[in-house]
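Peer 1: Quick mapping for you: the protein sequence lines, in order, are chains F and H.
Our numbering puts the first residue of the first sequence at 1, with every later residue one more than the last.
Our numbering puts the first residue of the second sequence at 1001, with every later residue one more than the last.
Note that CB positions come from ideal geometry on N, CA and C, so glycine has one too.
Number of protein chains: 2
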Amino acid sequence: MAARKGLTSQADDFSAWYNEIVEQAELASHAPVRGCMVIRPYGYRIWELIQGGLDGMFKATGHENAYFPLLMPKSALDREAEHVEGFAPETAIVTHAGRSGKLEEPLVIRPTSEAIIWPIVADWIQSYRDLPVLLNQWANVVRWELRTRPFLRTTEFLWQEGHTAHASSEEAQEETIRMLGVYRTFMEDWMAMPVITGEKTASERFAGALRTYACEGLMKDNKALQAGTSHHLGQNFARAFDVRYQTEDGEHEYVWSTSWGVSTRLVGALIMTHGDDAGLVLPPRLAPHQVVIVPIWKSEEQQAQVLDAAAAVRRSLEEAGVRVHLDAREGLNPGAKYYEWERRGVPLRLEIGPRDVESGSVMMVRRFVTGDAERKTPMPVADVAGRIPLLLDEMQDELLALAAERREAATARGVQTLDELAEIIDGVGGFVYSGWCGSDECETMVKERTKATIRVIPDEEYRSDPAPARCLCGEPSVHEVVWARAY
Amino acid sequence: MAARKGLTSQADDFSAWYNEIVEQAELASHAPVRGCMVIRPYGYRIWELIQGGLDGMFKATGHENAYFPLLMPKSALDREAEHVEGFAPETAIVTHAGRSGKLEEPLVIRPTSEAIIWPIVADWIQSYRDLPVLLNQWANVVRWELRTRPFLRTTEFLWQEGHTAHASSEEAQEETIRMLGVYRTFMEDWMAMPVITGEKTASERFAGALRTYACEGLMKDNKALQAGTSHHLGQNFARAFDVRYQTEDGEHEYVWSTSWGVSTRLVGALIMTHGDDAGLVLPPRLAPHQVVIVPIWKSEEQQAQVLDAAAAVRRSLEEAGVRVHLDAREGLNPGAKYYEWERRGVPLRLEIGPRDVESGSVMMVRRFVTGDAERKTPMPVADVAGRIPLLLDEMQDELLALAAERREAATARGVQTLDELAEIIDGVGGFVYSGWCGSDECETMVKERTKATIRVIPDEEYRSDPAPARCLCGEPSVHEVVWARAY
Chain F
1 MAARKGLTSQ
11 ADDFSAWYNE
21 IVEQAELASH
31 APVRGCMVIR
41 PYGYRIWELI
51 QGGLDGMFKA
61 TGHENAYFPL
71 LMPKSALDRE
81 AEHVEGFAPE
91 TAIVTHAGRS
101 GKLEEPLVIR
111 PTSEAIIWPI
121 VADWIQSYRD
131 LPVLLNQWAN
141 VVRWELRTRP
151 FLRTTEFLWQ
161 EGHTAHASSE
171 EAQEETIRML
181 GVYRTFMEDW
191 MAMPVITGEK
201 TASERFAGAL
211 RTYACEGLMK
221 DNKALQAGTS
231 HHLGQNFARA
241 FDVRYQTEDG
251 EHEYVWSTSW
261 GVSTRLVGAL
271 IMTHGDDAGL
281 VLPPRLAPHQ
291 VVIVPIWKSE
301 EQQAQVLDAA
311 AAVRRSLEEA
321 GVRVHLDARE
331 GLNPGAKYYE
341 WERRGVPLRL
351 EIGPRDVESG
361 SVMMVRRFVT
371 GDAERKTPMP
381 VADVAGRIPL
391 LLDEMQDELL
401 ALAAERREAA
411 TARGVQTLDE
421 LAEIIDGVGG
431 FVYSGWCGSD
441 ECETMVKERT
451 KATIRVIPDE
461 EYRSDPAPAR
471 CLCGEPSVHE
481 VVWARAY
Chain H
1001 MAARKGLTSQ
1011 ADDFSAWYNE
1021 IVEQAELASH
1031 APVRGCMVIR
1041 PYGYRIWELI
1051 QGGLDGMFKA
1061 TGHENAYFPL
1071 LMPKSALDRE
1081 AEHVEGFAPE
1091 TAIVTHAGRS
1101 GKLEEPLVIR
1111 PTSEAIIWPI
1121 VADWIQSYRD
1131 LPVLLNQWAN
1141 VVRWELRTRP
1151 FLRTTEFLWQ
1161 EGHTAHASSE
1171 EAQEETIRML
1181 GVYRTFMEDW
1191 MAMPVITGEK
1201 TASERFAGAL
1211 RTYACEGLMK
1221 DNKALQAGTS
1231 HHLGQNFARA
1241 FDVRYQTEDG
1251 EHEYVWSTSW
1261 GVSTRLVGAL
1271 IMTHGDDAGL
1281 VLPPRLAPHQ
1291 VVIVPIWKSE
1301 EQQAQVLDAA
1311 AAVRRSLEEA
1321 GVRVHLDARE
1331 GLNPGAKYYE
1341 WERRGVPLRL
1351 EIGPRDVESG
1361 SVMMVRRFVT
1371 GDAERKTPMP
1381 VADVAGRIPL
1391 LLDEMQDELL
1401 ALAAERREAA
1411 TARGVQTLDE
1421 LAEIIDGVGG
1431 FVYSGWCGSD
1441 ECETMVKERT
1451 KATIRVIPDE
1461 EYRSDPAPAR
1471 CLCGEPSVHE
1481 VVWARAY
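Following this line, the structure appears as structure tokens:
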């Protein structure tokens, strides 16, 4: 970063703050094609760490990665009625290719891969012995969105899409819930982002699904972000693409399928869950550099001495399994480096100057502090490799606790009237719990008045006790629901 | 695999053998869109292992991953004259997208990303301090090829593309050669595939490059396979996209760029370098399962006992860092499992039956043997974790030696006339070294007569001593070259 750029404060303009962070932390830039972004190395490294964490969890739950084509014949997308209705308006269409020019049938760039995967996997499934099929794909998809924002909603994005087939609806349901749980664990343990899990209402369901479940986070501007979804697809795609298996009794039955996905949107979620007016704040488990070492020198003699000491600290941290970067750039003063790495969210900074070398210590500076902790603490070099990994773990936990506290402070329960809901939503925002009669009309009415939507019918552990008796409309409640304005 | 399928022998029909391996080892299947393939979990796992090995080497040489868009405006591709001439006939074009329908300007799906990356990265580069830029991208690309074969040439394929910018031609040249070396090391050390490295002639150069270098392997049918390329792009793309930097003296100069790539074609190279009439043969470093354990039982009592022992062996191998799979499937006899895992190229099989449990041993069976080695050897269970990692390393080396021996046997040097060359190419095939006068006409004449092309002007260590004095046409030779028919 050439010069210090100002950063709008979150309170002044959260949206401007977000866009500036994305640019100044060098996470992404705009591309010449409308709504597309370039993920820059620092942003992509965060995505690689996200991928690594999730991929391990997918493999541990028995899933295998595979790769299916980018393009499908338009007729394939058309085969599941609700699915095509949901996705056709967002697709990009290839009409010409190669020397021969115009294609006989137009091809669709995948907006999601159900309509590509099931006609192919149908041939891999003969009998109940071939089930379950547990697949995942890391891929790019294209959805022609009207309004786009880096990471949150882009025309092309990177994601993973899980696709599984089962012998019964119960097994598909178990898988749907298992993967929702994997997402929740990942978001809490790796992203330090607390989420509410639950089922979506019919109006927010995935096009073609029987039931859709989601993880919903609350960003620092008190708007919700849908961070991951898991769908029980019933037999809808099995019927559309004739995916059948022979049972133990010799019958031919359609399989039950699921799909589930998270995307580069998670990078946006990280930014808006932890960032502050000094810039990005990264949870240690997903920080490209968990520690940055900034050496301080005036003379050339000092430079050599300090760089030697800094390199030794780096080695000891590397051996302790810490991702550490030694910023030895010349022509940039230490203050500029501090500023840059705070802006880019590095959890810990170690400053080493000539006096530190003499005393065998470093100055450790935390990106954020909680409670009575000191922001700056001197630490003997001999303690660095032993203490820093533990401290990083503590900071990971602290970030989750901070975010959970913030969410609780922005949560209202037991809201009984539309006026009360509207006042909260128009005021502080956040998650608002109420009863719901179950009708689409009521949901639409609230949405039109407040721009809030039902994020989820929350899972049991999030529900209020006692449950609300009445909907905002006065009718008896059938479900408690969580309202919020959302990205 | 439901039933044992026959496998055509390599000698009878190498091409049929290849297609059958791809299907029977469950590496890939055809997709509904012409020339596209589905990479099945076993094939994709090999690709993941390839990615892991290469990615580590790219990072160790200072490269960072990033992600650039799939789509570019058609006008961007048009800006470098040779580049567009080379790639335009192979592109897929998006003309319609979203609710609004027809796009104002058609978009091209990337066939390679130079024309996407440089206009964007131009903005990241101000001065000489920002150089070198060392980027890599893992991505899918689309080239509308006329004749396609799984892994070897598909309409869509997965690859990595490195893109770097430097302050001088010398530095760009060093980078080009460094990455050629990284590829060679990977191919030899991980794939156990010996290659010849060298420069391509003008007719085989990348569209838009100053110089193209390649790694060429020799497949078991004695045809060459270009396995990786590295290009010095000069200032061609810098001029086309105005990528300039300020020098230390305050001048504005164009950068010098490189690009280099390998693709899922490497999976095809593995198949055709090591496979035999029993199926795939995988080098241990890239085998999804390095060891498969097949338990053998008759009674239920034996089953429990044998599975316990097998699980203990699996654990000890896992702890030793070996990728091991315990095939405990019921309803499939041990012979069928042996057959399947040999077909799928697993380096080592451990058989455990009731008598082995009693004697505390396993029967170890190698996928291939060299020299006097026994194919089947009993091994005490206590030795498994200690000996198998060493044995896998030995097998890795043996495979490379076997492939190098085979290549040497299929190499002819000092060929002096076109008749002699044609006789070898039409007969045994393989690599044929000769002198070359440097003229396109001579290269074309040989190609028309024999269908062989100049694979490379080989690097020094591969050259004959003394160097050939004359070209096949009788004129003085300026370079020794390597001819072969190629994929």
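What separation, rounded to the nearest whole angstrom, lies between the Cα atoms of residue 66/F and residue 141/F?
Peer 2: Cα to Cα, the separation comes out at about 15 Å.
Peer 1: Please confirm if residue 2/F has its CB atom under 9 Å from at least one CB of chain H.
Peer 2: With a pLDDT of 42 at residue 2/F, under the threshold of 50, the predicted position of this residue should be treated as unreliable, though the coordinate-derived value follows. So, interface residue.
Peer 1: Any idea if residue 369/F is buried or exposed, counting beta-carbon neighbours within 10 angstroms, 16 or more meaning buried?
Peer 2: Exposed, since its Cβ has fewer than 16 Cβ neighbours within 10 Å.
Peer 1: Can you name the start and end residues of the alpha helix (DSSP H) that residue 222/F belongs to?
Peer 2: It is not in any alpha helix (DSSP H) - residue 222/F carries neither H nor E in the DSSP assignment.
Peer 1: Check the Cβ-Cβ distances between residue 1260/H and every residue of chain F, and say whether any is below 9 Å.
Peer 2: Not an interface residue.
Peer 1: Should residue 263/F and residue 234/F be called a contact, given that it needs their Cβ atoms to be closer than 9 Å?
Peer 2: Not closer than 9 Å, so no.
Peer 1: Going by other Cβ atoms of all chains shown within 10 Å of its Cβ, with 16 needed for buried, is residue 1426/H buried or exposed?
Peer 2: Classification of residue 1426/H: exposed, given that the 10 Å Cβ count is below 16.
Peer 1: So, at 8 Å on beta carbons, what are the nonlocal neighbours of residue 1041/H in its own chain, with the 5 sequence-adjacent residues on each side left out?
Peer 2: Excluding sequence neighbours, residue 1041/H sits near 1026.
Peer 1: Can you give me the C-alpha to C-alpha distance between residue 1309/H and residue 1352/H, rounded to a whole angstrom?
Peer 2: Computed Cα separation, rounded: 8 Å.
Peer 1: Provide the residue(s) that pair with residue 378/F in DSSP beta bridges, ordered along the chain.
Peer 2: BP columns for residue 378/F point to 363/F.
Peer 1: Let me know if residue 252/F comes out buried or exposed under the rule of 16 or more other beta-carbons within 10 Å of its beta-carbon.
Peer 2: The residue in question, residue 252/F, is exposed, as its Cβ has fewer than 16 Cβ neighbours within 10 Å.
Peer 1: Residue 1103/H to residue 145/F, Cα distance in whole Å?
Peer 2: Answer to the nearest angstrom: the Cα atoms are 14 Å apart.
Peer 1: When you compare only the Cα positions, how much space is there between residue 20/F and residue 37/F?
Peer 2: Going by the C-alpha atoms only, they are around 15 Å apart.
Peer 1: Would you please state the rounded distance, in angstroms, between the beta carbons of residue 1411/H and residue 1430/H? I believe it to be under 8 Å.
Peer 2: Yes, residue 1411/H and residue 1430/H are in contact; Cβ-Cβ is about 6 Å, under 8 Å.
Peer 1: If you run the structure through DSSP and keep just helix, strand and coil, what is residue 1257/H?
Peer 2: It is a strand residue.
Peer 1: Going by other Cβ atoms of all chains shown within 10 Å of its Cβ, with 16 needed for buried, is residue 359/F buried or exposed?
Peer 2: Residue 359/F should be labelled exposed.
Peer 1: Is the region 1087 to 1096 of chain H touching the region 3 to 13 of chain F in the sense that three or more CB pairs, one from each, lie closer than 8 Å?
Peer 2: In short, these stretches do not touch, since the Cβ pair count stays below three.
Peer 1: For the putative contact between residue 203/F and residue 475/F, defined by C-beta atoms under 8 Å, what is the C-beta separation to the nearest angstrom?
Peer 2: That belief does not hold up - the Cβ atoms of residue 203/F and residue 475/F are roughly 18 Å apart, past 8 Å.
Peer 1: Under the rule that 16 or more other beta-carbon atoms within 10 Å means buried, what is residue 435/F, buried or exposed?
Peer 2: Buried, since its Cβ has 16 or more Cβ neighbours within 10 Å.
Peer 1: For a cutoff of 9 Å on Cβ pairs, would you count residue 1093/H as touching chain A?
Peer 2: Given the protein chain composition of this structure (F and H), no chain A is represented.
Peer 1: Which runs of the beta strand (DSSP E), 3 residues or longer, sit entirely within the region 1425 to 1452 of chain H?
Peer 2: Qualifying beta strand (DSSP E) stretches, in chain order: 1431 to 1436.
Peer 1: Please classify residue 318/F: is it buried, with 16 or more other beta-carbons within 10 angstroms of its beta-carbon, or exposed?
Peer 2: By the 10 Å Cβ count, residue 318/F comes out exposed.
Peer 1: For residue 1068/H, would you say it is in contact with chain F, using Cβ-to-Cβ distances shorter than 9 Å as the test?
Peer 2: At least one chain F Cβ lies under 9 Å of residue 1068/H.
Peer 1: Classify residue 1113/H as buried or exposed, calling it buried when 16 or more other Cβ atoms lie within 10 Å of its own Cβ.
Peer 2: Label assigned to residue 1113/H: buried.
Peer 1: In terms of alpha-carbon separation, which member of 1345/H, 1363/H and 1384/H lies closest to residue 1315/H?
Peer 2: Comparing Cα positions, the closest option is 1384/H.
Peer 1: Going by beta carbon distance, what residues of the same chain come within less than 6 Å of residue 1039/H, once the five residues before and after it are set aside?
Peer 2: Cβ neighbours of residue 1039/H beyond the five flanking positions: 1028.
Peer 1: Whole-angstrom Cβ separation of residue 90/F and residue 111/F, contact assumed at under 8 Å?
Peer 2: The Cβ separation is near 6 Å, so the contact holds.
Peer 1: Cβ of residue 1374/H within 9 Å of Cβ of residue 1207/H?
Peer 2: Not closer than 9 Å, so no.
Peer 1: Select from the region 1025 to 1041 of chain H all residues with a C-beta closer than 7 Å to any C-beta belonging to chain F, and list them in chain order.
Peer 2: Listed by position, the residues of the region 1025 to 1041 of chain H near chain F (Cβ gap below 7 Å) are 1029, 1031, 1032, 1033, 1036, 1038, 1039, 1040 and 1041.
Peer 1: List, in chain order, every chain H residue whose beta-carbon is nearer than 9 Å to that of residue 163/F.
Peer 2: By Cβ distance, chain H contributes nothing, its closest Cβ being about 12 Å from residue 163/F, past 9 Å.
Peer 1: Since residue 1144/H meets chain F, which of its residues come closer than 8 Å, beta carbon to beta carbon?
Peer 2: Residues of chain F passing the Cβ test: 97, 98 and 99.
Peer 1: Only counting the same chain, and skipping five residues up and downstream in sequence, which positions put a Cβ closer than 6 Å to that of residue 1347/H?
Peer 2: Hits under 6 Å: 1284, 1287, 1290, 1367 and 1395.
Peer 1: Which residues in the same chain as residue 35/F place their Cβ atom closer than 7 Å to its Cβ, once the five residues preceding and following it in sequence are excluded?
Peer 2: Correct list, in chain order: 145, 148, 154 and 155.
Peer 1: In the DSSP assignment, find the alpha helix (DSSP H) that holds residue 1272/H and state where it starts and stops.
Peer 2: 1265 to 1274 is the span of the alpha helix (DSSP H), which, as asked, contains residue 1272/H.
Peer 1: Please report the distance separating the alpha-carbon of residue 955/H from that of residue 1121/H.
Peer 2: For chain H, the structure presents residues 1001 to 1487; residue 955/H sits outside this window and is missing.
Peer 1: For the beta strand (DSSP E) containing residue 139/F, name the first residue and the last one.
Peer 2: Taken as a continuous stretch (DSSP letters only), the beta strand (DSSP E) holding residue 139/F covers 133 to 142.
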